[in-house]
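>
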Amino acid sequence: MYLMLKPGIHPARSPVGSRWRDRCGMQGGSLVDALLSLLLFSVGMLALLKLLSSALAESANAQYRNEASQLASALVARMWTGDRSVGSLQSRFGDANASDYQAWLADVQSRLPGTGTAAMQPIVSIDAQRHVAITLYWKAPADRHPHQLQVQAMIAD
43 MYLMLKPGIH
53 PARSPVGSRW
63 RDRCGMQGGS
73 LVDALLSLLL
83 FSVGMLALLK
93 LLSSALAESA
103 NAQYRNEASQ
113 LASALVARMW
123 TGDRSVGSLQ
133 SRFGDANASD
143 YQAWLADVQS
153 RLPGTGTAAM
163 QPIVSIDAQR
173 HVAITLYWKA
183 PADRHPHQLQ
193 VQAMIAD
């Protein structure tokens, strides 16, 4: 069976749609629409990847902040377990060469990144009223600036 067509009509085109597109000047519009939708999809995917990478970075930062908090709490706990006199606290933890401080410092350096340099060493200060101030620094490999955590406690009798 053969399909009979009027002269001048192409079988792959609809005569109604062809006339409408010709009148409105919309030839090739579907290609532009496809490219625009592809561009919008790509921008959306890039934004999603940026959001994912920042979420991972913040997750790592929260983990290091938690580690620093646990390390400071562990140092305060060590101070509570021994002799709590001012002289004893300052000799055991206020001196950077004391064995108790060095043991805690080794733990800090193994758990927090970037603490190996002298500028990033933790600071422990103990005053005459046994107020303790601990400042911990760390810098993850992807960070531009170091982070810090400050903890204050009072060691009473």
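For the sequence shown, my numbering assigns the number 43 to the initial residue and increments by one for each residue that follows.
Glycine is no exception: its CB is placed at the ideal position from the N, C-alpha and C atoms.
Predicted, not measured: the structure shown is a model, and the values here were computed from it.
Using a 10 Å radius around the Cβ and a threshold of 16 neighbouring Cβ atoms, would you call P183 buried or exposed?
Numbered from its first residue, the sequence shown carries residue 183 at position 141. It is exposed - the Cβ of P183 has fewer than 16 other Cβ atoms within 10 Å.
> Just verifying my parser: in three-state terms, what is the DSSP assignment at T157?
As a first step, residue 157 is located in the sequence shown; it is residue number 115 there, counting from the start. It is coil, neither helix nor strand.
> I'd like to check one pair, Q192 with I168: are the Cβ atoms closer than 9 Å?
Taking the sequence shown and counting its residues from 1, the one referred to as residue 168 is at position 126. Taking the sequence shown and counting its residues from 1, the one referred to as residue 192 is at position 150. Going by C-beta atoms, I168 is not nearer than 9 Å to Q192.
> Where are the beta strand (DSSP E) runs, 3 residues long or more, that stay fully inside the segment 168 to 192, in chain order?
Taking only runs of at least 3 residues, the beta strand (DSSP E) segments lying wholly in the segment 168 to 192 are 173 to 180.
> Along the alpha helix (DSSP H) that carries A99, what are the first and last residues, could you check?
Translated into positions along the sequence shown, residue 99 becomes position 57. That run of the alpha helix (DSSP H) goes 71 to 123.
> Among residues of its own chain, excluding the 5 on either side of A102, which ones have a beta-carbon nearer than 7 Å to its beta-carbon?
Residue numbering aside, residue 102 sits at position 60 when the sequence shown is read from its first letter. Excluding residues within five positions, the ones whose Cβ falls inside 7 Å are A182.
> Count the other CB atoms, across all protein chains shown, that sit within 10 Å of the CB of V205; report buried if there are 16 or more and exposed otherwise.
The question about residue 205 has no answer here: the residues shown for the chain are numbered 43 through 199.
> Check the C-beta distance from R172 over to V128 and give it rounded, since I have them as a contact under 8 Å.
One-based indexing of the sequence shown puts residue 172 at position 130. One-based indexing of the sequence shown puts residue 128 at position 86. Correct: roughly 6 Å between the Cβ atoms.
> By alpha-carbon positions, which one of A170, L147, R153 ends up nearest to A160?
Start at 1 with the first residue of the sequence shown, and residue 160 comes out as number 118. A160 has its Cα closest to that of L147, out of A170, L147, R153.
> Quick check: the Cα distance between L94 and Y143, rounded to an integer number of angstroms?
Taking the first residue of the sequence shown as 1, we reach residue 94 at position 52. Taking the first residue of the sequence shown as 1, we reach residue 143 at position 101. Going from the Cα of L94 to the Cα of Y143 covers about 39 Å.
> Do A116 and D137 have their CB atoms nearer than 9 Å?
Your numbering for residue 116 matches position 74 in the sequence shown. Your numbering for residue 137 matches position 95 in the sequence shown. Not a contact, by the Cβ cut-off of 9 Å.
> Should M196 be labelled buried (16 or more other beta-carbon atoms within 10 Å of its own) or exposed?
Position 154 of the sequence shown, counted from the first residue, corresponds to residue 196. Exposed, since its Cβ has fewer than 16 Cβ neighbours within 10 Å.
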